[in-house]
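Undergrad: Numbering (this note's numbering), first residue to last: -19 to 245.
Could you have a look at this structure, given as structure tokens, before my questions?
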Ligand SMILES: NC(=O)c1ccc[n+]([C@@H]2O[C@H](COP(=O)([O-])OP(=O)(O)OC[C@H]3O[C@@H](n4cnc5c(N)ncnc54)[C@H](O)[C@@H]3O)[C@@H](O)[C@H]2O)c1
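And the structure:
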């Protein structure tokens, strides 16, 4: 934005201007990672977007570049320790440091307890919880070297309250919630902040797969909420933007519930 007509010199700075941000699970569109990456880029961040879907991650990076932003993509399975080391090294190799990590990649294994197999359980925990541990560990090492940073971990309302079919998913997201607080407490003196975000029902490819695929069905399910509607990916991206920016400099170990009031009742 040209601010000269308002008596300001030069251009207005974006809310995360010049920061280096990595977002995992950024391929899915509509998805929370994809929208968060676009939002951070629009506010001046330089992005590394990763996903197990390499083509989708590259589409996200290209979309950012087409809009005038800076982004690279990286093929990453978040359950792999070596892939985490490579993704962080690629980030630092390209941009020199890492300021923001959004641990967004995830899957939802939603089954009644009786049908949940040990393989289901192990897969849910490795994709949603072990991945976040690995991301925090390797990102924090770089952030410490750079003098600080912000880690934002995607949990869920299922990490706050019990829901049917959520034995494994809720365990993974509850784990993300308390892991985030422990990391916040341990790394505060390194000026590394760590917070968790707890979306309710948000319209994405995951939500479409969890319901019967119809937006109408998800809208009907959310009509009873205090805010009377389903959430949009931008509702979550705006919170991620706040936690990424220096506006949240005094916020760590906190949980941000964005659910239209679902868990307030
Ligand atoms: N949409 C919702 O209503 C909702 C609610 C609460 C929490 N969440 C959480 O938000 C996050 C994003 O959800 P979404 O709705 O955008 O989902 P989505 O399915 O639309 O996108 C998830 C992305 O993660 C990627 N991914 C999956 N497994 C991976 C792996 N092993 N390595 C790397 N990437 C992998 C997928 O390829 C996909 O691009 C998830 O952690 C999810 O649990 C979503």
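Ideal Cβ positions, reconstructed from N, Cα and C, are used throughout, including at glycine.
I'd like the span of the beta strand (DSSP E) that includes residue 179, first residue to last.
TA: For this step, residue 179 is matched to residue 199 along the chain shown. Taken as a continuous stretch (DSSP letters only), the beta strand (DSSP E) holding residue 179 covers 172 to 179.
Undergrad: Could you tell me which uninterrupted beta strand (DSSP E) segments, each at least 3 residues in length, are contained entirely in the region 128 to 173, listed from first to last along the chain?
TA: Counting whole runs of 3 or more residues, the region 128 to 173 contains the beta strand (DSSP E) stretches 129 to 134.
Undergrad: At a threshold of 7 Å, does residue 136 count as lining ligand 1 (C-beta to nearest heavy atom)?
TA: Here the question's residue 136 lines up with position 156 in the chain shown. Yes, the Cβ of residue 136 comes within 7 Å of a heavy atom of ligand 1.
Undergrad: Are there any heavy atoms of ligand 1 lying less than 7 Å away from the beta-carbon of residue 18, as far as the coordinates show?
TA: Against the chain shown, residue 18 aligns to sequence position 38. Because no heavy atom of ligand 1 lies under 7 Å away, the Cβ of residue 18 does not count as near it: no.
Undergrad: Quick one: what's got a C-beta closer than 7 Å to residue 286's C-beta in the same chain, skipping five residues either side?
TA: With the chain represented from -19 up to 245, any question about residue 286 goes unanswered, as that position is not in the structure.
Undergrad: Any idea what DSSP makes of residue 74, helix, strand or coil?
TA: In the chain shown, the residue the question calls residue 74 occupies position 94. Residue state, collapsed to three classes: helix.
Undergrad: Just how far apart, CA to CA, sit residue 211 and residue 122?
TA: Looking up residue 211 in the chain shown gives position 231. Looking up residue 122 in the chain shown gives position 142. Each residue's alpha carbon lies about 34 Å from the other.
Undergrad: DSSP on residue 98, reduced to helix/strand/coil?
TA: Translated into the one-based positions of the chain shown, residue 98 becomes position 118. If DSSP states are grouped into helix, strand and coil, residue 98 belongs with the helices.
Undergrad: On a Cα-Cα basis, can you pick out the residue from 16, 139, 50 and 96 that is closest to residue 249?
TA: As shown, the chain starts at -19 and ends at 245. That puts residue 249 outside it, with no answer to give.
Undergrad: When you compare the CB positions of residue 198 and residue 187, do they come within less than 8 Å of one another, or not?
TA: As a working mapping, residue 198 is identified with position 218 in the chain shown. As a working mapping, residue 187 is identified with position 207 in the chain shown. For residue 198 and residue 187, yes; Cβs fall inside 8 Å.
Undergrad: Measuring from the CB of residue 179, is there a heavy atom of ligand 1 at a distance below 7 Å?
TA: For the purposes of this step, residue 179 is taken as residue 199 along the chain shown, with counting starting at 1. True, at least one ligand heavy atom lies under 7 Å from that Cβ.
Undergrad: Hey, residue 172 and residue 128: beta-carbon distance below 8 Å or not?
TA: Sequence index remark: in the chain shown, residue 172 carries index 192 (1-based). Sequence index remark: in the chain shown, residue 128 carries index 148 (1-based). In this structure, residue 128 lies closer than 8 Å to residue 172 by Cβ.
Undergrad: Could you give the residue range of the beta strand (DSSP E) that holds residue 228?
TA: Position 248 of the chain shown, counted from the first residue, corresponds to residue 228. Counting along the chain, residue 228 falls outside any beta strand (DSSP E), and DSSP gives it neither H nor E.
Undergrad: Using only the alpha-carbon positions, how far apart do residue 160 and residue 174 sit?
TA: Residue 160 sits at position 180 when you count from the first residue of the chain shown. Residue 174 sits at position 194 when you count from the first residue of the chain shown. About 6 Å.
Undergrad: Could you tell me which whole beta strand (DSSP E) segments of length 3 or greater appear in the region -2 to 70?
TA: Those beta strand (DSSP E) runs which fall completely within the region -2 to 70 and span 3+ residues are 0 to 4, 26 to 31 and 50 to 55.
Undergrad: Any heavy atom of ligand 1 closer than 7 Å to the CB of residue 8?
TA: Here residue 8 refers to the residue found at position 28 of the chain shown. Residue 8 Cβ: within cutoff of ligand 1.
Undergrad: In this structure, what does DSSP give as the bridge partners for residue 81?
TA: Here residue 81 corresponds to residue number 101 of the chain shown, with the count starting at 1. According to DSSP, which records beta bridges pairwise, residue 81 is partnered with 2 and 131.
Undergrad: Less than 8 Å between the beta carbons of residue 70 and residue 54, yes or no?
TA: If you number the chain shown from 1, residue 70 lands on position 90. If you number the chain shown from 1, residue 54 lands on position 74. Result yes, Cβ atoms of residue 70 and residue 54 sit closer than 8 Å.
Undergrad: Go to residue 235, then tell me how far its alpha helix (DSSP H) extends in each direction, as first and last residue.
TA: In the chain shown, residue 235 corresponds to position 255, counting from 1. Where residue 235 is concerned, there is no enclosing alpha helix (DSSP H), although the beta strand (DSSP E) it sits in stretches over 235 to 238.
Undergrad: Is residue 24 closer than 8 Å to residue -6 when the C-beta atoms are compared?
TA: Along the chain shown, one-based indexing puts residue -6 at 14. Along the chain shown, one-based indexing puts residue 24 at 44. In contact: residue -6 and residue 24 (Cβ atoms closer than 8 Å).
Undergrad: State buried or exposed for residue -2, treating a residue as buried only when at least 16 other CB atoms are found within 10 Å of its CB.
TA: For this step, residue -2 is matched to residue 18 along the chain shown. Counting Cβ neighbours within 10 Å, residue -2 comes out exposed, since fewer than 16 surround it.
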